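I have placed the structure first, in the form of structure tokens, so that the comments after it can refer back to it.
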Amino acid sequence: MPLPERNDMKRYDLIVVGAGPSGLSAAIEASKRGVKTIVFDENARPGGQLFKQIHKFFGSKEHKAKIRGFVIGQQLLDEAGKAGVEVVLNATVIGLYQDKEIVVKTGDTVHHYKGDSIIIATGASENMVTFDGWTLPGVIGAGAAQTLMNLHGIKPGKRVLMLGSGNVGLVVSFQLMQAGCEVAALVDAAPEIGGYGVHAAKVARTGVPFYLSHTIVKAEGTDHVTGVTIAAVDDHFRFIPGTEKHFDVDTICVAVGLSPMSQLLKMAGCRMSDDPKRGGQVPIIDGHGETSIPGLFAAGDVSGIEEASSAMIEGRQAGIYAAEFLGFISKTEMDNGEEKLDAALDGLRQGMFAPKNRGKNIEKTEEGIDISRNLLCRGFIGDDEIERFPGVTHKAGVHPVIECTQNIPCNPCQDACAMHCIMVGKVITALPAVDPSLKCADCGMCVASCSGQAIFLVNEDCGDGTATVTLPYEFLPVPDEGTRGRALGRNGQEVCDAEVVKIRTSPAYDHTTLLTMSVPKEFAMKARFFKANA
Amino acid sequence: MISYKADVIIIGGGIIGCATAYYLAKNNISVTVLEASDYIGNGGSSRNGGGVRQSGRDPRELPLVMYGIRNLWPHLSEEIGVDTEYHQDGNLRLGKNVHHREILQGLTDRANKVGLDVRMIDGDEVRKIIPYLSDEVTVASWCPTDGHANPLTTTLGYYKTARKLGARFYTGVKVMELRKVKGELRRVLTDDGSVFEADQIMVAAGYESRKLLGSVGIDVPMTRSLLEALVTEAEPHMFDQMLGTADADFYGHQTKHGSFVFGGSSGFEGFNKDNGTPMTSSITAPAICRGIMKYFPDLADAKIVRTWAGWSDKSADGVPVLGRVEEVPGLIVACAFTGHGFGIAPAIGDQMAKLIMSGTTDIDISALHYDRFKAKI
Amino acid sequence: MNTLSDRSRDIGEFVSQPGDEMIICRCEEITKGEIRRAVHEGMFTMTEIRRYLRAGMGLCQGQTCSKLVKGIVARELKVSPADLEPATSRVPMRPIEMKVFANENEDEDE
Amino acid sequence: MEQELIWDLEQEKQRIMVHPILGRIEKGRRVKFTYDGREVEGYEGEPIAAALKAQGVMIHRYTAKKHSPRGIFCAIGRCTDCVMVVDGEPNIRTCITPLREGMTVQTQYGVSAEPFENQ
Chain A
280 MPLPERNDMK
290 RYDLIVVGAG
300 PSGLSAAIEA
310 SKRGVKTIVF
320 DENARPGGQL
330 FKQIHKFFGS
340 KEHKAKIRGF
350 VIGQQLLDEA
360 GKAGVEVVLN
370 ATVIGLYQDK
380 EIVVKTGDTV
390 HHYKGDSIII
400 ATGASENMVT
410 FDGWTLPGVI
420 GAGAAQTLMN
430 LHGIKPGKRV
440 LMLGSGNVGL
450 VVSFQLMQAG
460 CEVAALVDAA
470 PEIGGYGVHA
480 AKVARTGVPF
490 YLSHTIVKAE
500 GTDHVTGVTI
510 AAVDDHFRFI
520 PGTEKHFDVD
530 TICVAVGLSP
540 MSQLLKMAGC
550 RMSDDPKRGG
560 QVPIIDGHGE
570 TSIPGLFAAG
580 DVSGIEEASS
590 AMIEGRQAGI
600 YAAEFLGFIS
610 KTEMDNGEEK
620 LDAALDGLRQ
630 GMFAPKNRGK
640 NIEKTEEGID
650 ISRNLLCRGF
660 IGDDEIERFP
670 GVTHKAGVHP
680 VIECTQNIPC
690 NPCQDACAMH
700 CIMVGKVITA
710 LPAVDPSLKC
720 ADCGMCVASC
730 SGQAIFLVNE
740 DCGDGTATVT
750 LPYEFLPVPD
760 EGTRGRALGR
770 NGQEVCDAEV
780 VKIRTSPAYD
790 HTTLLTMSVP
800 KEFAMKARFF
810 KANA
Chain G
21 MISYKADVII
31 IGGGIIGCAT
41 AYYLAKNNIS
51 VTVLEASDYI
61 GNGGSSRNGG
71 GVRQSGRDPR
81 ELPLVMYGIR
91 NLWPHLSEEI
101 GVDTEYHQDG
111 NLRLGKNVHH
121 REILQGLTDR
131 ANKVGLDVRM
141 IDGDEVRKII
151 PYLSDEVTVA
161 SWCPTDGHAN
171 PLTTTLGYYK
181 TARKLGARFY
191 TGVKVMELRK
201 VKGELRRVLT
211 DDGSVFEADQ
221 IMVAAGYESR
231 KLLGSVGIDV
241 PMTRSLLEAL
251 VTEAEPHMFD
261 QMLGTADADF
271 YGHQTKHGSF
281 VFGGSSGFEG
291 FNKDNGTPMT
301 SSITAPAICR
311 GIMKYFPDLA
321 DAKIVRTWAG
331 WSDKSADGVP
341 VLGRVEEVPG
351 LIVACAFTGH
361 GFGIAPAIGD
371 QMAKLIMSGT
381 TDIDISALHY
391 DRFKAKI
Chain V
992 MNTLSDRSRD
1002 IGEFVSQPGD
1012 EMIICRCEEI
1022 TKGEIRRAVH
1032 EGMFTMTEIR
1042 RYLRAGMGLC
1052 QGQTCSKLVK
1062 GIVARELKVS
1072 PADLEPATSR
1082 VPMRPIEMKV
1092 FANENEDEDE
Chain Y
346 MEQELIWDLE
356 QEKQRIMVHP
366 ILGRIEKGRR
376 VKFTYDGREV
386 EGYEGEPIAA
396 ALKAQGVMIH
406 RYTAKKHSPR
416 GIFCAIGRCT
426 DCVMVVDGEP
436 NIRTCITPLR
446 EGMTVQTQYG
456 VSAEPFENQ
């Protein structure tokens, strides 16, 4: 019997597959507790989705709110370095075998490793949807567009149509404009926007038209995309004849949801379940993220699609569970470690977009205020709806106007205001309220700190018939002071002439430029964006 | 408890069961096939290397496969409405040294004795047939009438057409026990309490057949071993022959799709474990790759896209157990194909259907009778 | 026996529909019509569809199309996609050259 | 925020010189490689697909059965639609393969660099 000549198998206390938000977080927590940990990632750079996410994160301070994704990624890398975590890049785990053995390809060699425990943190990949011409070059995933722009510095196209109004579709549409691409339209077959209203609002006010209850009929072009036709659909998603609209575009981005990349777990023989609420094929895991195979854990999007913030917390929990499984910490130490993290995770799983509320028809905010229907159906808050929200108050002089109308777990604006004009309160899903009795110092910190770019500083009457509106501006080129142009309303339509009176940048604003424009005072509560004259 | 009635019940939805069902249904015999897994053809039928060969076979089963290659394989695609991708472009069994030459010579002489046209050729002749073979190949046995086909489409083609002709198939139905009624085998009891009844019952459930046959006092001495295989990306066309080696380091062919399917061994086939479903071990695929590259340097850059494993029902003497079981009237057995049941399957289906319908076969299968296993002295 | 056990279950004849020409499996260029027809020919599971048509057997090993194929097969069988078994996943997770897969030199410790 | 363009080659319009959030996008060394016989340039280490996209190349291959054009789709090495023949080896995922000086990159027809008519 020929025995293969292979010396000892390299063995680790803990092997983590995937150096994204959850994988790195798991490795950090385990290493901090003495566990010999190695992380493999097939990409050239660690951080997974974090390094493609250039927007400021939601949540509270402990969730690293108002910090941009790629900055969090860097912080995580530094933390992993300090904790002595070994991260091996360009290392593709090609198989997870029995006995918790993996085979990893690095360069032109394959290596066998075994882990006393293994955490799979391989994240998710994009869903696809078919339409006539969907295989044409130029049809790409929204994540692909993010990768090209934010990782490789390449514009995915010149003029883009976005299909999908979940957070990815909204955020990537905004990022396309930041990269210098034009977004022709944002389309979704669903009747209501799937992602955060604030993400939709910051896209709508730049003039991008939203077409809900519409989807793609056909991508045009013989060799690559040269145009696209959309049409309205009825509530059975069938096209309504005569509603066709054509756009000349060279790129179509598809943002129709994510699926867990749970193949490694399925391959190893874990019990799986097909759970549409979690995005598809997920391992059946206990409260500790342990799969049906003892010592084999899953953390992050691979066990259920959520945001990177929850993926990081799930990762930390998995790292602690693994440390307990391996006997490096006691059960009580584990439980103590868990409490804080459970609370943080639970804090994120609240509000209108919480997993438990998916599919529910929410009519009123937690405060009992009717939600903005217009925001859901057309992507912007109606002029007749804006006044009923606690963030919108009126007084003389500059004051914050917070157009944040949905209960999402997020409170950086509260901490940003040194004058305490802004109050969210203990429950971080509460809508931010402005106390008009307190004086605003016009420091701009609230505008820059809002992850959803939903805060403006408004002086409704400067005394000379004009008003000023200060808005967050994250595009290039930044107009100079004195530039004349048009002010756009929340719906992206031109409302009046405008002139840039002040441009403020500061490291504290973290790349959000504050643009102050002067408009006729009757438009103070309408003008929300600025477009320079051509 | 539901009860079902049919002329014939076949236990095992692999290519043997589906082919037999087809040849019965073609003659208006009502047949029911019971498959334990959720998928038709999920055992060896969809995991083998696709060889349709005569060379290298034991003389006791050679007449059957020669019959199949002469009468059934050539027009099988039209008959079962799929592209079986059957190629009859010969089989090369390669060797590099004197030891290999002896093995190949032994196989060649044995086959010539029963009239199979197979002969020894030297390295240069081999490279005339397949120029990509390494110069280290110095000898091969060459059988021009061997070939290969696609086991997936062939198995499912038999299933599709038998089903269209009225054969009934049930998947996810595990047979627990066979039961005689007044001395004749009539009943099949399943895991959910159903009872199937028929005048004749064929057991073609691979290794699982042993436990089933035990319930009527019949034992087929066989073990199982976990064989592994791999498939590459599609490549430009290189060769049409079926390949094997004297050392059995690998076997396989290039498919019509352009991908190469190769099986091989780590030497631990008899000892591999699985976790409930056949699963590859971490050392075999690298071993198969090393085996292939020794003969095909040009395939070094070919990318592997998938590997898989499958249980082979290994009989004590290397050939299947086939035919009637006189002690249990109404029982037909067709199992223990020892990893080479694909190429022979059409002939088995055709002859077992004939046996079921008429009690006789065209080809003499007495040498494969169930009670041939005697002590060595 | 579950709903998919009886392969003679009446799911009606295959009737071609608009959109049958749509490519579903991008690697192997399998259309929606081919998948629908295969279901009516008795292929009631993802595994049988994959083996019968090659949908999901291409270079990406079904990572792009398996969810789409599952939706089509479920609709044709009038069952929920969750009733269909998940696509099997096998080593290797990514295509790997034979010479690399063969190169297990464990001695040098990088 | 200064906005100085490093160079203004017509075909480099697809590159983001300065990003409002990421600032200047650092690149590796500028290297030459050949694309379908033509000499072109890109940055060492960036994916081959990115270097080609900067030149406005959209079509990476034509499929085996229907000869239909395909290009970048997932950009993270999953869907294998962006494969091309690189240094003679087909089915190379160009969206995750770093560009090296002197690479030969060819449009893939089915599984080879030979156009269909002379396969």
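Chains as they are written, first to last, in my numbering: chain A, 280 to 813; chain G, 21 to 397; chain V, 992 to 1101; chain Y, 346 to 464.
Every residue gets a Cβ at the ideal spot worked out from N, C-alpha and C, and that includes glycine.
A quick note: this is a predicted structure, and the numbers were derived from the prediction, not measured.
| message | Please classify residue 695(A) as buried or exposed, where buried requires at least 16 other C-beta atoms within 10 Å of its C-beta. | response | Per the 10 Å Cβ criterion, buried.
- Message: Rounded to whole angstroms, what is the Cα-Cα separation between residue 414(A) and residue 420(A)?
- Response: Inter-residue distance for residue 414(A) and residue 420(A) is about 11 Å (C-alpha atoms, whole angstroms).
| Beta-carbon of residue 67(G) versus every beta-carbon of chain V: anything under 7 Å? | It does not: the Cβ of residue 67(G) has no partner Cβ on chain V nearer than 7 Å.
inquiry  = Could you give the first and the last residue of the continuous beta strand (DSSP E) run that contains residue 344(G)?
reply    = In this chain, the beta strand (DSSP E) harbouring residue 344(G) covers 341-344.
Item to check | Straight-line Cα distance separating residue 1075(V) from residue 1027(V) | outcome: In this structure, the CA atom of residue 1027(V) is about 15 Å from the CA atom of residue 1075(V).
Bridge partners of residue 722(A), per DSSP? BP columns for residue 722(A) are empty, so no partner.
Alpha carbon of residue 457(Y) to alpha carbon of residue 382(Y), nearest angstrom:
Each residue's CA atom was taken as its position, placing residue 457(Y) and residue 382(Y) some 15 Å apart.
Exercise. Using a Cβ cut-off of 7 Å (strictly closer), state whether residue 430(G) contacts chain Y.
Key: This structure gives no information on residue 430(G), because the portion of chain G shown stretches from 21 to 397.
Checklist entry - residue 260(G) to residue 291(A), Cα distance in whole Å? => result Taking the straight line from one Cα to the other gives about 46 Å.
- Message: Between 460(Y), 440(Y), 361(Y), 418(Y), which has its C-alpha nearest residue 371(Y)'s C-alpha?
- Response: Taking only the C-alpha atoms, the option nearest residue 371(Y) is 361(Y).
Can you find a C-beta in chain G that's less than 7 Å from the C-beta of residue 413(Y)?
Using beta-carbon distances, residue 413(Y) does not count as an interface residue toward chain G, since no partner is under 7 Å.
Checklist line | Per DSSP, the bridge partner or partners of residue 453(Y) | finding: 406(Y), per the DSSP bridge assignment.
Exercise. Compute the Euclidean distance between the alpha carbons of residue 518(A) and residue 1084(V), then round it to the nearest angstrom.
Key: Rounded to the nearest angstrom, the gap between the Cα atoms of residue 518(A) and residue 1084(V) is 38 Å.
Since residue 700(A) contacts residue 719(A) with CB under 8 Å, what's their CB separation in whole angstroms? Residue 700(A) to residue 719(A), Cβ: 5 Å. Contact.
Report back the beta-carbon spacing between residue 749(A) and residue 794(A) to the nearest angstrom; my notes put them in contact at under 8 Å. About 7 Å; that satisfies the 8 Å criterion.
Point to revise | First and last residue of the uninterrupted alpha helix (DSSP H) at residue 691(A) | key: For residue 691(A), the enclosing alpha helix (DSSP H) starts and ends at 691-695.
With C-beta atoms as the reference, is residue 295(A) less than 7 Å away from residue 398(A)? Result yes, Cβ atoms of residue 295(A) and residue 398(A) sit closer than 7 Å.
inquiry  = Does chain V have any CB closer than 7 Å to the CB of residue 507(A)?
reply    = Residue 507(A) does not count as touching chain V.
Give every residue of the same chain whose Cβ lies closer than 6 Å to the Cβ of residue 309(A), excluding the five residues on either side of it in the sequence, and list them in chain order. Cβ contact annotation for residue 309(A) (same chain, cutoff 6 Å, sequence separation greater than five): 293, 316, 598, 601, 602, in chain order.
Checklist line | Spatial neighbours of residue 771(A) in its chain, beta-carbon cut-off 8 Å, leaving aside the 5 residues before and after | finding: Result list for residue 771(A): 483, 484, 485, 486, 487, 488, 659, 808, in chain order.
query: Could you give the distance in angstroms between the alpha-carbon of residue 100(G) and the alpha-carbon of residue 216(G)?
result: Rounded to the nearest angstrom, the two C-alpha atoms are 27 Å apart.
For the alpha helix (DSSP H) that contains residue 392(A), what are its first and last residues? Careful: residue 392(A) lies outside any alpha helix (DSSP H), inside the beta strand (DSSP E) at 388-399.
**Asked** So, is the C-beta of residue 424(Y) closer than 7 Å to a C-beta in chain V?
**Response** It does: the Cβ of residue 424(Y) has a partner Cβ on chain V nearer than 7 Å.
| request: Report yes if the C-beta distance between residue 223(G) and residue 353(G) is below 7 Å; otherwise report no. | output: It is a contact, given that the beta carbons lie within the stated cut-off.
Would you decide whether residue 426(Y) is buried or exposed? Buried here means 16 or more other CB atoms lie within 10 Å of its CB.
Residue 426(Y) should be labelled buried.
Original post:
How should residue 190(G) be labelled, buried or exposed, when 16 other C-beta atoms within 10 angstroms of its C-beta is the threshold for buried?
Top reply: Result: buried.
Exercise. Where do the N-terminal and C-terminal ends of the alpha helix (DSSP H) with residue 313(G) fall, by residue?
Worked result: First-last of the alpha helix (DSSP H) with residue 313(G): 304-315.
*asked:* Under 8 Å: do the segment 555-574 of chain A and the segment 533-547 of chain A share three or more Cβ pairs, one atom per stretch?
replied: Segments in contact, yes.
- Output, in chain order, the set of chain G residues within a Cβ distance shorter than 8 Å of residue 376(A). Correct list: 299, 300, 301, 302.
| task | Measure the C-alpha to C-alpha separation of residue 342(A) and residue 1007(V) and round it to an integer number of angstroms. | result | The straight-line gap from Cα to Cα measures roughly 52 Å.
Checklist entry - Using DSSP with H/G/I as helix, E/B as strand and the rest coil, what is residue 615(A)? => result Three-state DSSP puts residue 615(A) in a helix.
Worksheet item: Going along the segment 433-447 of chain Y in order, which residues come within less than 8 Å of chain G, judged by CB to CB distance?
Response: The residues in question are 434, 435, 436.
Continuous beta strand (DSSP E) stretch holding residue 434(Y): start and end:
According to the DSSP assignment, residue 434(Y) belongs to the beta strand (DSSP E) that extends over 434-438.
**Item:** Span separating the alpha-carbon of residue 351(Y) from that of residue 295(G)
**Value:** The predicted position of residue 351(Y) is uncertain, since its pLDDT is 37 and thus under 50; a value taken from the coordinates is nonetheless stated next. Their backbone Cα atoms lie some 58 Å apart in a straight line.
For the segment 327-343 of chain G, list every residue whose C-beta sits within 9 Å of some C-beta in chain A, in sequence order.
Against chain A - using a Cβ distance shorter than 9 Å - the residues of the segment 327-343 of chain G are 327.
(request) Count the other C-beta atoms from every protein chain shown that fall within 10 angstroms of the C-beta of residue 993(V), then say buried if there are 16 or more, exposed otherwise. (result) Classification of residue 993(V): exposed, given that the 10 Å Cβ count is below 16.
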